[in-house]
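S.K.: I am attaching a structure below and will ask some questions about it afterwards.
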Amino acid sequence: MPSTRARSFLLSSAALLSAVTLAGCAGSATPAASSPETAPTSVTVTDNHGEQTVAVPPQRVVATDNRTITVLDDWGVEVVAAPLDIFPADLSYKEEGSKTVNIGNHGEPNLEAVVAADPDLIVNGQRFASYYGDFQTLAPNATIVELDPREGEAFDAELKRQVTVLGEIFGKQKEAAKLVADFEKSIERVTAAYDKNDTVMAVITSGGEINYAAPSTGRTLGPVFDVLGLTPALTTDGSTDHQGDDISVEAIAASNPDWILVMDRDAGVSANTDESYTPANDLIGSSEALKNVPAVTNKHIVYMPAGTYLNEGIVTYTTFFNSFADALES
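Read left to right, the sequence shown gives residues -23 to -1, 1 to 307 (mature numbering (1 follows the signal peptide of the UniProt record, and there is no 0)).
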């Protein structure tokens, strides 16, 4: 939920916006008619809230969605403001000399910076999804596009939808199609090499602990079971918690998985902090409970990219699926 400070700012900003709008209406001259050559073009896309009409190319983009920010960066999209504190460390937006204004993080965002950025497009989502209404109030002239994976929809289709829609908005249809094709090929590689008799366990390491990620519902790795048609080593109720679920390592070991898939949460978080942590491979390698598990003895452990926790988009999953396919094929 937005902080008290953020909510107080909403009220004062809304009043200020109203006053500025009235003053502008009273004092402005009648604008000249636009010629066909200068009239802006637009595209209509469908996001999680329905049809959205976006002026193209967008001139002032605010981006808050961790899942798509790497794609925007790869496409060379200029971003005027973003929550850089929670974005991957290797973005050009975070380099020295970047003009992208940092709005902080979702816990205590600098909403004043969003107003000052005067965006015409906000690509919103994931950790900032709860600020959708706030952005509507603070940036009334901006089109807000949200493409978070929707509950009840196939996860792989949702990842493809994200980049396809953004490709339409930014004129990067060919690039989006290439991302989709690469993603589909990575899935095909895994499904062709995977033996359904092999059982799979997914875990999230966080704070020095190895935690269970439930098939289908678990954070990050849960949907992978459905996308790839994997056979779970253990099926039990789980949550979408970012640190995984509290099931003992002994219970994980007792399920005797042939493969273990791992997301190292601390590796992603540490990239933006000075905090030390124990890497996932060290935790698993030193676990007495897991040492005789087939996945460990056969070195059938596949790790998601180190920055996954801050970048759960199509490129990350493509990289991970190809790594899994490499292991299956070897």
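Glycine is no exception: its CB is placed at the ideal position from the N, C-alpha and C atoms.
Quantities reported herein were computed from a predicted structural model and do not represent experimental measurements.
Decide if PRO60 is buried, meaning its Cβ has at least 16 other Cβ atoms within 10 Å, or exposed.
M.R.: Mapped onto the sequence shown, residue 60 falls at position 83. Classification of PRO60: buried, given that the 10 Å Cβ count is 16 or more.
S.K.: Given a cut-off of 8 Å, decide if LEU198 and MET240 are closer than it, judged by their beta-carbon atoms.
M.R.: Here residue 240 is taken as the residue at index 263 of the sequence shown, counted from 1. Here residue 198 is taken as the residue at index 221 of the sequence shown, counted from 1. For MET240 and LEU198, yes; Cβs fall inside 8 Å.
S.K.: Could you round the C-beta distance between ALA94 and ARG138 to whole angstroms and report it? I think they count as a contact, below 8 Å.
M.R.: What you label residue 94 is simply residue 117 of the sequence shown in a count that begins at 1. What you label residue 138 is simply residue 161 of the sequence shown in a count that begins at 1. That pair is no contact at about 26 Å.
S.K.: Using the Cβ count rule (16 or more neighbours within 10 Å means buried), how would you classify ALA302?
M.R.: Residue 302 sits at position 325 when you count from the first residue of the sequence shown. Under this definition ALA302 is a buried residue.
S.K.: Report all residues from its chain with a CB closer than 7 Å to the CB of TRP52; omit the five preceding and five following residues, and keep chain order.
M.R.: Working through the sequence shown from its first residue, we reach residue 52 at position 75. So the list reads PHE147, LYS149, GLU152, once near-sequence residues are dropped.
S.K.: Alpha helix (DSSP H) containing GLY110: first to last residue?
M.R.: Working through the sequence shown from its first residue, we reach residue 110 at position 133. 109 to 115 is the span of the alpha helix (DSSP H), which, as asked, contains GLY110.
S.K.: Rounded to whole angstroms, what is the Cα-Cα separation between THR293 and MET281?
M.R.: Your numbering for residue 293 matches position 316 in the sequence shown. Your numbering for residue 281 matches position 304 in the sequence shown. Straight-line Cα distance between these residues: approximately 8 Å.
S.K.: Hey, would you say ALA210 sits closer than 8 Å to ASN174, going by beta carbons?
M.R.: For the purposes of this step, residue 210 is taken as residue 233 along the sequence shown, with counting starting at 1. For the purposes of this step, residue 174 is taken as residue 197 along the sequence shown, with counting starting at 1. Going by C-beta atoms, ALA210 is not nearer than 8 Å to ASN174.
S.K.: List, from N- to C-terminal side, the alpha helix (DSSP H) runs of 4 residues or more that fit wholly inside the stretch 251 to 286.
M.R.: If we require 4 residues or more, the alpha helix (DSSP H) runs fully inside the stretch 251 to 286 come out as 257 to 262, 271 to 274.
S.K.: Who pairs with THR18 in a beta bridge, going by DSSP?
M.R.: Against the sequence shown, residue 18 aligns to sequence position 41. VAL33.
S.K.: From ARG104 to ALA272, what does the alpha carbon distance come to, in whole angstroms?
M.R.: Locating residue 104 in the sequence shown gives position 127, where the first residue counts as 1. Locating residue 272 in the sequence shown gives position 295, where the first residue counts as 1. So the two alpha carbons sit approximately 33 Å from each other.
S.K.: For a test of the three-state rule: what should DSSP assign to residue 311, helix, strand or coil?
M.R.: Examination of residue 311 is not possible in this model, given that the chain is present from -23 through 307 alone.
S.K.: Here's the rule: buried if 16 or more other CB atoms are within 10 angstroms of the residue's CB, otherwise exposed. What is THR285?
M.R.: Counting from 1 along the sequence shown, the entry for residue 285 is found at position 308. Label assigned to THR285: buried.
S.K.: Would you mind working out which of LYS155, PRO126, SER19, ILE187 sits nearest ILE237, comparing C-alpha positions?
M.R.: In the sequence shown, residue 237 corresponds to position 260, counting from 1. When each option's Cα is compared against that of ILE237, the closest is ILE187.
S.K.: Return the CA-CA distance between residue 383 and ASN25, expressed in angstroms with no decimal places.
M.R.: Only positions -23 to 307 of the chain appear in this structure, which leaves residue 383 out of reach.
S.K.: Keeping to the same chain, check which residues put their C-beta closer than 8 Å to that of GLU227; ignore five residues upstream and five downstream.
M.R.: Translated into the one-based positions of the sequence shown, residue 227 becomes position 250. Correct list, in chain order: ALA266.
S.K.: Work out the CA separation of ILE121 and GLN113 for me, nearest whole Å.
M.R.: By 1-based counting over the sequence shown, the position of residue 113 is 136. By 1-based counting over the sequence shown, the position of residue 121 is 144. Distance between the alpha carbons of GLN113 and ILE121: 8 Å.
S.K.: Note the first and the last residue of the continuous beta strand (DSSP E) segment covering ASP241.
M.R.: Counting from one through the sequence shown, the residue named residue 241 turns up at place 264. Unbroken beta strand (DSSP E) run through ASP241: 236 to 241.
S.K.: By how many angstroms is the C-alpha of MET178 removed from the C-alpha of GLY185?
M.R.: To locate residue 185, count along the sequence shown from 1; it is residue 208. To locate residue 178, count along the sequence shown from 1; it is residue 201. GLY185 and MET178: Cα-Cα distance of roughly 18 Å.
S.K.: Per DSSP, which residues does residue 356 bridge with? Please list them.
M.R.: In the structure displayed, the chain extends from -23 to 307; residue 356 sits before or after that span and is not available.
S.K.: Measure the Cβ-Cβ separation of VAL33 and VAL57 and say whether it is below 8 Å.
M.R.: The count along the sequence shown starts at 1 and reaches residue 33 at position 56. The count along the sequence shown starts at 1 and reaches residue 57 at position 80. No.
S.K.: In chain order, what residues of the same chain have a beta carbon less than 6 Å from the beta carbon of ILE46, not counting five sequence neighbours either side?
M.R.: For the purposes of this step, residue 46 is taken as residue 69 along the sequence shown, with counting starting at 1. So the list reads ALA40, PHE64, once near-sequence residues are dropped.
S.K.: So THR295 and PHE160 are in contact, right, with Cβ under 8 Å, and what is the actual spacing, rounded?
M.R.: For the purposes of this step, residue 295 is identified with residue 318 of the sequence shown, where counting begins at 1. For the purposes of this step, residue 160 is identified with residue 183 of the sequence shown, where counting begins at 1. Indeed they touch by this definition, with Cβ atoms about 5 Å apart.
S.K.: If we ignore side chains and look at the alpha-carbon of each, how far apart do SER263 and LEU49 end up?
M.R.: Sequence index remark: in the sequence shown, residue 263 carries index 286 (1-based). Sequence index remark: in the sequence shown, residue 49 carries index 72 (1-based). If you take the alpha carbons of SER263 and LEU49, they lie about 39 Å apart.
S.K.: Strictly by DSSP, which residues pair up with SER183?
M.R.: As a working note, residue 183 is residue 206 in the sequence shown. BP columns for SER183 point to GLU186.
S.K.: So if DSSP puts GLU123 in a beta bridge, which residue, or which two residues, is it bridged to?
M.R.: The residue you call residue 123 lines up with position 146 of the sequence shown. Answer is ASN101, bridged to GLU123.
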